[in-house]
Structures are given as structure tokens and as C-alpha cells.
Amino acid sequence: MKRLGASFRDPSGFLFVNHQGALYRQINPVYEGHYRLLMSSGLYSELASDGLLVEHEEVDAAVAPGRSASFVIRPRRLPFISYPYEWTFGQLKAAALLTLRIQRLALERGMWLKDASAYNIQFDGWRPILVDTLSFETYQEGKPWPAYRQFCEHFLAPLALMSCTGSAFHRFLRVHLDGIPLENASRLLPTRTLLRPGLATHLHLHSMAQKRFSDGGRQKSGGFSRNALCGLINSLESAVSKQNWRPKGTVWADYYDNTNYGREAFEHKRQLVGEFVSLVTPAPQLAWDFGANTGLYSRLLAERGILTISFDSDIACVEQNYLEAVKEKNRLVLPLVMDLANPSPALGWAHEERESLLQRGPADLLVALALVHHLAIGHNVPLERLAEFFASCARFLIVEFVPKSDSQVQRLLRGREDVFPDYTEENFIGEFGKHFTVLRVEEIKQSTRKLYLMKTKG
Amino acid sequence: MIQRSVRLFLMIAALWLAFPTRVDAYLDPGTGSSILQLVLAGIFAVSFCVSLAWARVKSWVARIRGDHPEPDQEKNS
């Protein structure tokens, strides 16, 4: 039995995995009443059947590592956990709206959300879903919403910053795991946001109130009625809905329009990737697509029933990919922002709260198309290090080698000294051969490029 | 928009005068959030009642016109 590193803040219970890797959640006596109400009020059934809350089954409490368990539940385990700092704008907005929607539904059943952490939401393909079953508490009439500050810091502040000032603030999410402090958000937002009632109230005024009453202050007499709470939810929903970010002027979002691939080469590459995927045995369940751009090849994998995590460092591409996945209602493509030159590290308390990218692997299959030259030449990563990293990511690898003679590589080398004498196909095969066995290699028609299917050794 | 902004400014000023300033104290980030909600409770409650009444009027008009109102939100599946 092992408690999960991220599950320690809430005294209501915790997550643990058994020796076989099955995931469980212990519910402590202090939460027993709330859990019973969640189940008996019909709230759980409603949320689970609508795909808003992760489903679970109750199991024998004897499996719990501690003696104090009131209940033990076994939630459906999602195949890949992602974090808000890996989501694009649209995903964060969808997660925010889901949180408010659940809060409203909970109120109708005499409960409310005691917390509103973005980390309580996961993406099941295109759909956001609440995964913390212990977030619900019996509604306390007259009390202000305890999760109001957390909601504003985890959702509204980053959304407003990105909406008003651009995507550069996306990186703030990785620095501020407990949400963006309202004081920072208020200072960074343009002055014109003072004229927007939602942002003025929930970010600027909220920040001022926090600062003003940081010593505890004296509480205003009177209560916070149910109608006031509903008004607050409406106001937050309106403020979130008004935040918009449309990517434009990105290099990669137009990649497929500007690429030097001819039609025949493009079709041949698609056909080869499809063939290579069908050669992977046992059939892959989970694939990582590195440098996925807007997810063209991720969809090729998804069509074969493979859940594909579609990574790209360009948030504009990821946003486009996500919007497409929403339109398709695609449950097998999960677009995420990931800079492979600086991938998500282990973060939080004792480096255990949020796992690094590699800790969440390995995948069954890694796809790295038109990527090696960007990392090897664009980021000066030696082929040796690249092969080592790829081998730790997945059992099988579909990788494209782009030689120096290719116009895209020439573009990368333009205006700089060529300090990459080792960037040759011979070296590529030599270095990757230390970690992989080459199963198949094919030239892509009407191009200088080659596609490799490899399997990790050992 | 300008009228709303002026109202907001006056509200902030009123809040400022209503509560004493204290600094150099232990940080309790939740207190300000709770007080803000309590201070604005009336506004939130009234806005909710107005939105509810407006929704009822719209629904009544739609019924009279024989329209079929769309559900509030799609299911998440």
C-alpha cells in the first residue's frame, strides 16, 4: 500500500494504491456524514451519469492502510493525469465552468464544493471531469463560500491574465501551484479591467479586501443567503465566460499549410505511420505524440482506438487541437502544452504532489515526427541524449529522421554556425541503436526524410 | 458602462471607509474573501433574483410564442 504524494491536505481522506497498482480512496470518519449525503441525495448519481464526476465503487474498508476508514471507494482510474499548467486556455476555461456547474447542481441537493482546486479536475479526452469525490460538503446556510478565493486564484486570475495580456502568463501556472495570488493578478492586469464588473469585483476588489483584512478584521454582521450564493456563482460564471483568447500569428499553427511536404509525400507519410502502428504488438493502448502540432497524427492513432496524448510546446497549436477535439467530441485525443526542452518536472511538497512527465510514463508508443532536428539543432540536444530520453518514454517509437539537406533543417541552420557535425543519419542510427532495435525503416516518397519503427531493448 | 464604473468606484470607497486598516499582521488569505462576499451579499442576491425573474419572463414569452427553449447546458458526454 502506498499513499499518493498529492493526497495529504484534506483530512477527509486520501488516495492510495495497492501492490497491484489499483487506486483506492479512504474516507475518514470526519467525512462520513458528507459522503452519506452525497450518495443518498442523488447528487453522486446525477453527476456520475452526466460524466461530471468520476465514477467509483465501494469496496471492503479492510483494504485501507489505516484502521480509521469509514469507507473505501475505488474510483475509475484515468489513464493519464494532466495538470493545469499543461492545459491550454480553453481547457482551463472548461474546467472553471465545470466547477461552477457542479457547485450549482450540488446546491440543489443540499451540498456545496468545499474547495475549487483546478487540480481536482482532469481531462477524459475532451471532457473535463471532477476527480475529487471528497470535495462535497453539506451546505451551510448563511456562510460565505469557502472556496471563493481558491476559485478566483486557480481559474479566474489565470484566465483573465491570458485573455487580457496574452499567453505568456500560462507559465505562471507552473510557478504558482496554489493558484495565482490575487494581488499579483490585480497588479498585472491592465487598468481597463477595472471597468469590467466581473474582474473588478472578483480580482481587483477581492485582492484589496484580502490585503485590507489580512489580520482577520472584524466580520460584517448578517449572513450569506442561498440567493446571494447563487448570485455569486452566476457572477463568476459570467466573468469566466467573458474571458477569451484566440491564438494568432503563431509559426506552428499554420505548419501544415506552410510545410515543404508535397501532397504525395504527405499521404505516404500518413500511410506509413498507419502501417507502423499496426505492427506494434501488443496493440498500444496509450501513445504520446511529441511535437504533435494541431494533432493530425494523434487523430490517426485515435482512429485506431489508441488514447493519444498530443503534446506541443506551442500553446496556439494546442488550443487549436483542443477546440478541434471538442468539436469532434474526441475522447481519445488529449492535447497538452509541453515544452520538451523543459518538460514538466516533479513539483510540490517533497517533489511528490505533481509528477514529472516521465513519472507518468512509460507509454506504449511514442510518436516523434519532424521533431528530432528541432531538438538536435534548434535546442542543441545531442542525439545520444535524445535517444536516451525517448527510450525512457515508451516501449515503441515511431520517429522521423530529417537530414541536413532538408530545407527545414537548412532553415534552422540559416544565420548560425553549423556546430552539428554529428547530426547524420549514421550517428542517428548508432545512438538510437544503443537503446532501440530498428524494426522497420522506410523512405518517405518525394522527400529526403525517413521513418523508423523501433522497439526498446531489454 | 461609465455609470456602472462610477457605482463600483463608490462601492469601493464605501468599503474602504467602513473597515479600519490594519497592517503588519498575520496573513489570513481567507478572511478578506469571506468579508467581501458578506459585503456584496445583497448585490449578489438581488442580481440572482432579477436574473431568475428575467428567465421566467423569457420562458413565459417563449411559451406564448410557441418556441421550444433550448436546455441550459449540454450534458458533459
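Residue numbers (this note's numbering), protein chains in the order written: chain A, 1 to 458; chain B, 1001 to 1077. Where a beta carbon is used, it is the ideal one built from N, C-alpha and C, also for glycine.
Look at the Cβ atom of G142 of chain A, then the Cβ atom of G223 of chain A, and state whether they are nearer than 7 Å.
yes
Start and end residues, beta strand (DSSP E) containing T138 of chain A:
F136 to T138
Pairwise C-alpha distance: Y85 of chain A and N293 of chain A:
18 Å
Boundaries (first-last residue) of the beta strand (DSSP E) holding P335 of chain A:
V333 to V337
Determine the direct distance from the alpha carbon of M111 of chain A to that of R9 of chain A, and round the result to whole angstroms.
21 Å
Measure the beta-carbon distance from L397 of chain A to A368 of chain A and round it to whole angstroms, keeping in mind my assumption that it falls under 8 Å.
7 Å
What does R25 of chain A pair with, by DSSP beta-bridge criteria?
A:L15 and A:I73
S45 of chain A, buried or exposed, once every other Cβ within 10 Å from all chains shown has been counted against 16:
exposed
Relative to the alpha-carbon of L177 of chain A, which residue among A:M338, A:L189 and A:E353 has its alpha-carbon at the smallest distance?
A:E353
Quick one: Cα of P65 of chain A to Cα of T133 of chain A, how far?
19 Å
A1025 of chain B at chain A interface by Cβ criterion, 7 Å:
Low local confidence applies: a pLDDT of 29 at A1025 of chain B is under 50, so the model's placement there is unreliable, and no value is given.
Across the stretch 441-453 of chain A and the stretch 272-291 of chain A, are there enough close Cβ pairs to call them in contact, namely three or more that are closer than 8 Å?
yes
Own chain, CB closer than 7 Å to D406 of chain A, minus 5 neighbours either side, in chain order
T448 and R449
Cross-chain neighbours of G1066 of chain B in chain A, by beta carbon under 8 Å
Within 8 Å Cβ-Cβ: nothing; G1066 of chain B doesn't reach chain A, min ~28 Å.
Enumerate in chain order the residues of its own chain whose CB-to-CB distance from Q359 of chain A is below 7 Å, with the five nearest sequence positions on each side excluded.
A346
With a CB to CB cut of under 6 Å and the five nearest residues on each side skipped, what residues in its chain are close to L357 of chain A?
P343 and S344
Measuring only the C-alpha atoms, how far is R25 of chain A from P75 of chain A?
7 Å
Please tell me whether S1059 of chain B has its Cβ less than 7 Å away from any Cβ of chain A.
no
Quick one, which residues of the stretch 124-145 of chain A are near chain B if we go by CB-CB under 8 Å, in chain order?
R127, P128, I129, P144 and W145
Quick one: measure Cβ to Cβ for V460 of chain A and K93 of chain A, integer angstroms, because I've assumed they're closer than 8 Å.
Outside the displayed range of chain A (1 to 458) lies residue 460 of chain A, so it cannot be described from this structure.
Across which residues does DSSP place Q122 of chain A in a beta bridge pair?
A:I129
Taking the alpha-carbon positions, what's the E137 of chain A to G5 of chain A distance?
23 Å
By Cβ distance, which residues of its chain are closer than 7 Å to F16 of chain A, with the 5 residues on each side in sequence left out?
M1, K2, R3, L4, Y24, Q26 and P65
Quick check on G225 of chain A - is its C-beta less than 7 Å from some C-beta in chain B?
In the sequence as presented, Gly is not what sits at residue 225 of chain A; that position holds Ser. By this cut-off, S225 of chain A is an interface position.
Just how far apart, CA to CA, sit Q320 of chain A and P247 of chain A?
8 Å
Report yes or no: is there a C-beta of chain A within less than 7 Å of the C-beta of A1053 of chain B?
no
Count the other C-beta atoms from every protein chain shown that fall within 10 angstroms of the C-beta of E426 of chain A, then say buried if there are 16 or more, exposed otherwise.
exposed
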